[in-house]
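Colleague: I have a structure here, written as structure tokens, and I will follow up with some questions on it.
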Amino acid sequence: MKRIAVFTSGGDSPGMNACIRAVVRTAIYHKIEVFGIRHGYDGMIKDEFIEMDSSSVANIIHRGGTILKTARSKDFLTIEGRKSALANLKKHNIDGVVVIGGDGSFRGALQFSEICDIPFVGCPGTIDNDLIGTDFAIGYDTAVNTVIDAVDKIRDTAESHDRLFFVEVMGRDAGLIALRSGIGVGAEAIIMPETKTDIEDLIKRLESGRKSKSSKIIIVAEGDEAGGAFVIAEQVKKRLPDYDTRVTILGHIQRGGNPSAMDRVNSSRMGFAAIEALIAGKQNVMIGIIDKKIAYTPFQNAVKHHQRLNPDFVRMLDILSL
Ligand code: F6P
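Position 47, counted from 1, in the sequence shown is what our numbering calls 27; the numbers after and before it change by one each time, with no gaps.
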């Protein structure tokens, strides 16, 4: 292993920079040269390779986003795109690659391995936390903290006006951001794709809930089968017109911001482990942290299923929100 490349791909997530930093500095420690690829798989196709040294990653551990930029590449989905990407990796004499990204990025790496003999190792970077093989993906903890911070503020105004708020959070088709942040803010209910959404039940819950509660917060995961927060709020409003109802979509603020302590430390561990995994001859595996220990999960298993919701959390929420 003489020269490696590192890139970020898909939606950015807080902690990606900390991971890039760990990859670059661990590689340099092992006397491996490092190239960064800008704009993910798109940059691999368009030859956006840049040489990196220790100072290229100075003062980035605390910054959200990704200094290498990112993209969701359409061209990489074509065989012509993948062939150009391979030609550029060969042109730069790359012996190993670290991809920091989510589900789509690892699916891309898997498909690429059909024509590419250069080993890839992945670090999970997605606020959605929807990968098997890690307890916390890079950015999930920060995103949950961002939601909690925003909803605490919404709670102040909701309480002052005795209002019912529907707050929509990201997660694509996973409800993990919704569940964890919902517990953290003391939400009155959480609506998630993993559990069947029963509007009648929600209405009953709102009607029979503790009358002393003047504000109510319902967290809605964007991927819920019943629709987004606006659709669900409309249905509830028709049935409970006495409630003064508002909707907030938190959107992309969940993807930015300084990474939390947990994201900085986990990202550093995973970037460090990624280089040591390449040196040890591992390939097509995602680095994760399970029960505080580094774990290696083949890409095909990491993307196969969604991380399941912890049923104890779901049950607990029902009891605590009464
Ligand atoms: O996968 C991360 C994520 O933020 C999802 O939660 C969300 O559905 C999606 O990306 C939004 O993607 P984009 O920034 O391309 O609109």
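Quick reminder that beta carbons are idealized off the backbone N, C-alpha and C, glycines included.
1) Is the beta carbon of CYS96 sitting closer than 8 Å to the one on ALA254?
2) List the whole-angstrom C-beta distance separating GLY20 from SER53, where the pair is believed to meet the contact cut-off of C-beta under 8 Å.
3) Excluding the 5 residues preceding and the 5 following ARG1 in the sequence, name in chain order all residues of the same chain whose CB lies nearer than 6 Å to its CB.
4) Mind checking whether the beta-carbon of THR58 lies closer than 7 Å to any heavy atom of the ligand F6P?
5) Counting along the chain, where does the alpha helix (DSSP H) carrying ARG87 start and finish?
6) Ordered along the chain, which non-local residues of its own chain (more than five positions away) have a Cβ less than 6 Å from that of ASP22?
7) CB-CB under 6 Å to PHE29, same chain, minus the five flanking residues each way: which ones, in chain order?
8) Apply the 10 Å Cβ neighbour rule to ASP132 and answer buried if 16 or more other Cβ atoms are within range, or exposed otherwise.
9) I'd like to know whether the C-beta atoms of ALA158 and SER195 end up nearer to each other than 8 Å.
10) So, is GLN280 buried or exposed, given that buried needs 16 or more other C-beta atoms within 10 angstroms?
11) Among residues of its own chain, excluding the 5 on either side of THR225, which ones have a beta-carbon nearer than 6 Å to its beta-carbon?
12) For GLY251, report the span of its alpha helix (DSSP H) as first-last.
13) Taking three-plus beta-carbon pairs below 8 Å as touching, is the stretch 103 to 117 in contact with the stretch 67 to 81?
14) Since LEU297 contacts ILE163 with CB under 8 Å, what's their CB separation in whole angstroms?
15) Contact between the stretch 228 to 236 and the stretch 59 to 68: three or more CB pairs below 8 Å?
16) Measuring from the CB of GLU202, is there a heavy atom of the ligand F6P at a distance below 7 Å?
17) Grab me the residues of GLY(-5)'s own chain with a C-beta within less than 6 Å of its C-beta, minus the 5 sequence neighbours each way, in chain order.
18) In three-state DSSP terms, what is CYS103?
19) Does DSSP put LYS196 in a helix, a strand or coil?
20) If we call anything under 8 Å between Cβ atoms a contact, is ILE198 one with ALA154?
21) Is the beta carbon of ALA201 sitting closer than 8 Å to the one on ILE171?
22) Measure the C-alpha to C-alpha separation of ILE25 and ALA260 and round it to an integer number of angstroms.
23) Quick one: using the 10 Å Cβ neighbour count with 16 as the cut-off for buried, is SER85 buried or exposed?
24) Please give the ranges of any alpha helix (DSSP H) in the stretch 12 to 84, keeping only runs that are unbroken, at least 4 residues long and fully inside the region.
25) Which whole-angstrom value describes the C-beta separation of PHE146 and VAL227, a residue pair presumed to lie in contact below a C-beta threshold of 8 Å?
26) Is the beta carbon of SER301 sitting closer than 8 Å to the one on ALA167?
27) Report the residue from GLY207, ILE(-16) and GLY(-9) whose alpha carbon sits nearest the alpha carbon of TYR9.
28) In chain order, what residues of the same chain lie with their CB nearer than 6 Å to the CB of ALA282, ignoring the 5 residues before and after it?
29) Using the rule of at least 16 other Cβ atoms within 10 Å of the residue's Cβ for burial, across every protein chain shown, is ASP83 buried or exposed?
30) Looking only at C-alpha atoms, which of THR(-12), THR6 and PHE(-13) sits nearest to ALA257?
31) PRO291 to PRO173, Cα distance in whole Å?
32) Is ALA123 helix, strand or coil when you go by DSSP?
Modeller: Working from what's here:
1) Locating residue 96 in the sequence shown gives position 116, counting from the first residue. Locating residue 254 in the sequence shown gives position 274, counting from the first residue. In this structure, ALA254 does not lie closer than 8 Å to CYS96 by Cβ.
2) The count along the sequence shown starts at 1 and reaches residue 20 at position 40. The count along the sequence shown starts at 1 and reaches residue 53 at position 73. Between SER53 and GLY20 the Cβ distance is about 6 Å, and since that is below 8 Å, they are a contact.
3) For the purposes of this step, residue 1 is identified with residue 21 of the sequence shown, where counting begins at 1. VAL37, ILE40 and ILE41, listed in sequence order.
4) As a working note, residue 58 is residue 78 in the sequence shown. No, Cβ of THR58 sits at least 7 Å from all heavy atoms of the ligand F6P.
5) Indexing the sequence shown from 1 puts residue 87 at position 107. That run of the alpha helix (DSSP H) goes 83 to 92.
6) Within the sequence shown, residue 22 is the residue found at index 42, counting from 1. Excluding sequence neighbours, ASP22 sits near ALA51 and SER53.
7) Working through the sequence shown from its first residue, we reach residue 29 at position 49. These residues qualify, in order along the chain: PHE15, ILE17 and HIS72.
8) Residue numbering aside, residue 132 sits at position 152 when the sequence shown is read from its first letter. Per the 10 Å Cβ criterion, exposed.
9) On the sequence shown, residue 158 is found 178 positions in, with the first residue counted as 1. On the sequence shown, residue 195 is found 215 positions in, with the first residue counted as 1. The answer is no: Cβ separation not under 8 Å.
10) The residue labelled residue 280 in the question sits at position 300 within the sequence shown. Only exposed fits GLN280, as fewer than 16 other CB atoms lie within 10 angstroms of its CB.
11) The sequence position of residue 225 within the sequence shown is 245, counting from 1. Here the set comprises LEU144, ALA213 and LYS217.
12) Here residue 251 corresponds to residue number 271 of the sequence shown, with the count starting at 1. Residues 241 to 259.
13) yes
14) To locate residue 297, count along the sequence shown from 1; it is residue 317. To locate residue 163, count along the sequence shown from 1; it is residue 183. Right, their Cβ atoms sit about 6 Å apart.
15) no
16) Taking the sequence shown and counting its residues from 1, one reaches residue 202 at position 222. Yes, the beta carbon of GLU202 sits closer than 7 Å to at least one heavy atom of the ligand F6P.
17) As a first step, residue -5 is located in the sequence shown; it is residue number 15 there, counting from the start. Correct list, in chain order: ILE118, GLY119, PRO239, ASP243 and SER247.
18) If you number the sequence shown from 1, residue 103 lands on position 123. In the structure shown, CYS103 sits in a strand (DSSP, three-state: E or B).
19) For the purposes of this step, residue 196 is taken as the residue at position 216 of the sequence shown. Reduced to three states, the DSSP call for LYS196 is strand.
20) In the sequence shown, the residue the question calls residue 198 occupies position 218. In the sequence shown, the residue the question calls residue 154 occupies position 174. No, the pair does not count as a contact, with Cβ atoms beyond the cut-off.
21) The count along the sequence shown starts at 1 and reaches residue 201 at position 221. The count along the sequence shown starts at 1 and reaches residue 171 at position 191. Result yes, Cβ atoms of ALA201 and ILE171 sit closer than 8 Å.
22) Numbered from its first residue, the sequence shown carries residue 25 at position 45. Numbered from its first residue, the sequence shown carries residue 260 at position 280. Looking at the two C-alpha atoms, the distance is approximately 28 Å.
23) Residue numbering aside, residue 85 sits at position 105 when the sequence shown is read from its first letter. It counts as buried.
24) 20 to 25 and 59 to 71
25) On the sequence shown, residue 146 is found 166 positions in, with the first residue counted as 1. On the sequence shown, residue 227 is found 247 positions in, with the first residue counted as 1. That belief holds up - the Cβ atoms of PHE146 and VAL227 are roughly 5 Å apart, short of 8 Å.
26) Reading the sequence shown from its first residue, position 321 is the one you call residue 301. Reading the sequence shown from its first residue, position 187 is the one you call residue 167. In this structure, ALA167 lies closer than 8 Å to SER301 by Cβ.
27) Residue mapping note: residue 9 aligns to position 29 of the sequence shown, counting from 1. Minimum Cα distance to TYR9 is reached at ILE(-16).
28) If you number the sequence shown from 1, residue 282 lands on position 302. PHE86, LEU111, ILE112, GLY113 and MET266, listed in sequence order.
29) Within the sequence shown, residue 83 is the residue found at index 103, counting from 1. That one is buried.
30) In the sequence shown, counting from the first residue as 1, residue 257 sits at position 277. Measuring from the Cα of ALA257, the nearest candidate turns out to be THR6.
31) On the sequence shown, residue 291 is found 311 positions in, with the first residue counted as 1. On the sequence shown, residue 173 is found 193 positions in, with the first residue counted as 1. Going by the C-alpha atoms only, they are around 14 Å apart.
32) The residue labelled residue 123 in the question sits at position 143 within the sequence shown. Note: ALA123 maps to helix in three-state DSSP.
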